[in-house]
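Colleague:
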Amino acid sequence: MLNDLGDESNHYMLMANYYEHTSTEKANERWYLANIYIHKNAVANVFIDEDSISLGVRLNPDNLYQIDEIKMKVDQIYRIRKNKTGGIFNTEDDIYVELSKLNFPAFN
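Sequential numbering of the sequence shown, starting at 11, is according to my numbering.
1) So if DSSP puts T93 in a beta bridge, which residue, or which two residues, is it bridged to?
2) Does the beta-carbon of N27 have 16 or more other beta-carbons within 10 angstroms, so that it is buried, or is it exposed?
3) Apart from the five residues on each side of it in sequence, which residues of its chain come closer than 8 Å, Cβ to Cβ, to Q76?
4) Identify, in the order they occur along the chain, each residue of the same chain with its Cβ nearer than 6 Å to the Cβ of H21, setting aside the five sequence neighbours on each side.
5) For the beta strand (DSSP E) containing Y42, list its first residue and its last residue.
6) Given V56, which residues of its chain have a CB within under 6 Å of its CB, disregarding the five upstream and five downstream residues?
7) Sort out for me which residues DSSP pairs A26 with in a bridge.
8) Buried or exposed: E18, going by 16 or more other Cβ atoms within 10 Å of its Cβ?
9) Considering only their Cβ atoms, is the gap separating M82 from A37 smaller than 8 Å?
As structure tokens, this is what we get:
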């Protein structure tokens with residue numbers, strides 16, 4: 011995926027049970043049922059290791075210059091989609107699916 015991000019025609023959607031903020035003001039804040047759009051012009055500071063993906067993303071539609079640093083654990087990713095147009099992703103775009111990893115959080 012990292013190599014593919016150099017090509018502007020590659021668009022990804024990562025779907026995970028959650029991501030965690032790593033930015034100072036929101037550190038360890040967890041957001042569930044995370045869908046993160048990955049594109050050359052939409053992310054910054056991408057780092058992938060064997061356990062997680064860390065990256066800067068634009069989560070605030072009112073401030074497109076605001077970059078939030080987040081981390082997604084690899085074992086929490088249940089679907090990855092890739093296409094050449096961006097926009098709407100569908101099942102034909104699936105490059106990885108493991109729905110057994112999909113885990114809805116318990117809400118109390």
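Even for Gly, the Cβ is constructed at its ideal location relative to N, Cα and C. Computed from a prediction, not measured in an experiment: that's the story for all the values here.
Modeller: Considering the structure as presented:
1) As a first step, residue 93 must be located in the sequence shown, where it is residue number 83. In the sequence on display, residue 93 carries Asn and not Thr. Bridge partners of N93: H21.
2) Locating residue 27 in the sequence shown gives position 17, where the first residue counts as 1. When all chains shown are included, N27 counts as buried.
3) In the sequence shown, the residue the question calls residue 76 occupies position 66. Only R68, L69 and N70 meet the Cβ criterion.
4) By 1-based counting over the sequence shown, the position of residue 21 is 11. Excluding residues within five positions, the ones whose Cβ falls inside 6 Å are H49, N93 and G96.
5) The residue you call residue 42 lines up with position 32 of the sequence shown. From DSSP, the beta strand (DSSP E) with Y42 extends over R40 to I48.
6) Taking the first residue of the sequence shown as 1, we reach residue 56 at position 46. Result list for V56: L65, in chain order.
7) Residue mapping note: residue 26 aligns to position 16 of the sequence shown, counting from 1. Looking at the DSSP assignment, A26 forms a beta bridge with A44 and I87.
8) Your numbering for residue 18 matches position 8 in the sequence shown. Classification of E18: exposed, given that the 10 Å Cβ count is below 16.
9) Within the sequence shown, residue 37 is the residue found at index 27, counting from 1. Within the sequence shown, residue 82 is the residue found at index 72, counting from 1. No, they are not a contact pair.
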